[in-house]
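Engineer: The structure that follows is given in the form of structure tokens.
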Amino acid sequence: MYDMVQNEANLTIIQALRKGYHVVYDLNHTLQIYRWNRYSHQRATIDPHNITVPDEMRDLHGYKITMYTLEEISQVMTFDAYFLELIANKRNAAAIQTDEYSSESLDVMPSMNVQNIKFTWIVPSFGTTFLAVVVPRAKPKPIVSILIDPFDLYVWITYLVLVLTMAVTISLFGKLLGRRRFMEIVLELIMMCLAGPSRAYGGAFETQIITLFCLMGIVLVSSYQSLVISFMSYVRYDSEINTLDEIYERYCDVV
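In structure tokens form, the structure reads like this:
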């Protein structure tokens, strides 16, 4: 039997046997099992006393995985090409995209509508299954929040630390403001940031440090005013539910 299928005249039989397992036995019950690997183009021998199915898909030996996809679709759904290239690199194969349909040479064909398809051999790809979550709309923010929201918490803390540092420095080294109480110096610095200096100050160090503080206040106040005006032009809402953890915490219905 084995010698017969090796004959060139029996090429059709050889091709048919290559699609499955080739079992050879004789009258003496000598058993041999062969398997043709279509990717490596080699015949593998299987031990009849320890039959294990060879995993031929781990190494495709440079096999060209051809995926059919239209050009206009491939330009939008770029992840399909990336996923095919990833599989080809993991399995020692080559990825090829084509827009010419051929049932004989195609291996992969993305399907856009899998709603009514019942075939079990179809693998749902990325972009075919979606999860829609209906969340309640956030409540409008109060009008008072316009005065706080232009800067975040870190900016306000930094500004407060700067004012306190300036007040401590002026109270220690200031010639005119150094004679006043600490809280009076803090209020004076805040007034400088809002409306500028209201009096003449003494000493070169005190004048220079107050001048730099006023220049910084001009930039800070101008940006603050522009943000407040822009916030007043539309209705602002609190942060909405945006993550799965927030959805599970608030028990939202999943549709």
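Quick note: the sequence shown uses the numbering used here, first residue 416, plus one each step.
We put the beta carbon where it would ideally sit given N, CA and C, even for glycine.
Note that this is a predicted model, so its numbers are computed, not measured.
1. Just to confirm my understanding: we take L499, look at its own chain, exclude 5 residues before and 5 after, and list those with CB closer than 6 Å. What are they?
2. From R473 to R506, what does the alpha carbon distance come to, in whole angstroms?
3. Does the distance from the C-beta atom of I466 to that of A503 stay below 9 Å?
4. Does the Cβ-Cβ distance between F620 and M607 come in under 9 Å?
5. Just how far apart, CA to CA, sit M581 and F566?
6. Could you tell me the distance, in whole angstroms, from the CA atom of W451 to the CA atom of R458?
7. Just tell me which of D660, Y663, G593, L562 has its CA closest to the CA of Y639.
8. Decide yes or no for the touch test of the segment 595–613 against the segment 637–653: beta carbon pairs closer than 8 Å, at least 3 of them.
9. With DSSP as the reference, label V420 as helix, strand or coil.
10. Can you give me the Cβ contacts of V438 inside the same chain, cut-off strictly under 6 Å, excluding the 5 residues immediately before and after it?
11. Below 8 Å on the Cβ atoms is my guess for L587 versus G617; work out the distance and round it to an integer in Å.
12. Whose C-alpha, out of E487, E486, I605, is nearest the C-alpha of V578?
13. Using 10 angstroms around the beta-carbon of A547, count the other beta-carbons present and answer buried if the total reaches 16, otherwise exposed.
14. Mind reading off the beta-carbon distance from K554 to R651? Whole number of angstroms is fine, and I expect it under 8 Å.
15. For T460 versus T484, is the C-beta spacing smaller than 9 Å?
16. Where do the ends of the alpha helix (DSSP H) carrying V570 lie?
17. What would DSSP say about R458, mapped onto helix, strand or coil?
Structural biologist: In this structure, then:
1. Working through the sequence shown from its first residue, we reach residue 499 at position 84. The residues are M482, A510.
2. Taking the first residue of the sequence shown as 1, we reach residue 473 at position 58. Taking the first residue of the sequence shown as 1, we reach residue 506 at position 91. So the alpha carbons of these two residues sit roughly 6 Å apart.
3. Within the sequence shown, residue 466 is the residue found at index 51, counting from 1. Within the sequence shown, residue 503 is the residue found at index 88, counting from 1. Their beta carbons are not under 9 Å apart, which means I466 does not touch A503 by this criterion.
4. What you label residue 620 is simply residue 205 of the sequence shown in a count that begins at 1. What you label residue 607 is simply residue 192 of the sequence shown in a count that begins at 1. Their beta carbons are not under 9 Å apart, which means F620 does not touch M607 by this criterion.
5. As a working mapping, residue 581 is identified with position 166 in the sequence shown. As a working mapping, residue 566 is identified with position 151 in the sequence shown. Cα to Cα, M581 sits roughly 21 Å from F566.
6. Here residue 451 corresponds to residue number 36 of the sequence shown, with the count starting at 1. Here residue 458 corresponds to residue number 43 of the sequence shown, with the count starting at 1. Their Cα atoms are separated by approximately 4 Å.
7. On the sequence shown, residue 639 is found 224 positions in, with the first residue counted as 1. Nearest of D660, Y663, G593, L562 to Y639, Cα basis: L562.
8. no
9. What you label residue 420 is simply residue 5 of the sequence shown in a count that begins at 1. In this prediction, V420 scores a pLDDT of 49, lower than 50, which makes its location untrustworthy; the coordinate-derived value is nonetheless stated afterwards. Three-state DSSP puts V420 in a helix.
10. Numbered from its first residue, the sequence shown carries residue 438 at position 23. Hits under 6 Å: I448.
11. Position 172 of the sequence shown, counted from the start, is the residue given in the question as residue 587. Position 202 of the sequence shown, counted from the start, is the residue given in the question as residue 617. Not a contact, Cβ separation roughly 15 Å.
12. By one-based count along the sequence shown, residue 578 stands at place 163. Nearest of E487, E486, I605 to V578, Cα basis: I605.
13. In the sequence shown, counting from the first residue as 1, residue 547 sits at position 132. That one is exposed.
14. Taking the first residue of the sequence shown as 1, we reach residue 554 at position 139. Taking the first residue of the sequence shown as 1, we reach residue 651 at position 236. For K554 against R651, the beta-carbon gap comes to about 10 Å, at or over 8 Å, which does not count as contact.
15. What you label residue 460 is simply residue 45 of the sequence shown in a count that begins at 1. What you label residue 484 is simply residue 69 of the sequence shown in a count that begins at 1. Their beta carbons are not under 9 Å apart, which means T460 does not touch T484 by this criterion.
16. Position 155 of the sequence shown, counted from the first residue, corresponds to residue 570. Counting along the chain, the alpha helix (DSSP H) containing V570 begins and ends at 568–588.
17. Taking the sequence shown and counting its residues from 1, the one referred to as residue 458 is at position 43. Three-state result, R458: strand.
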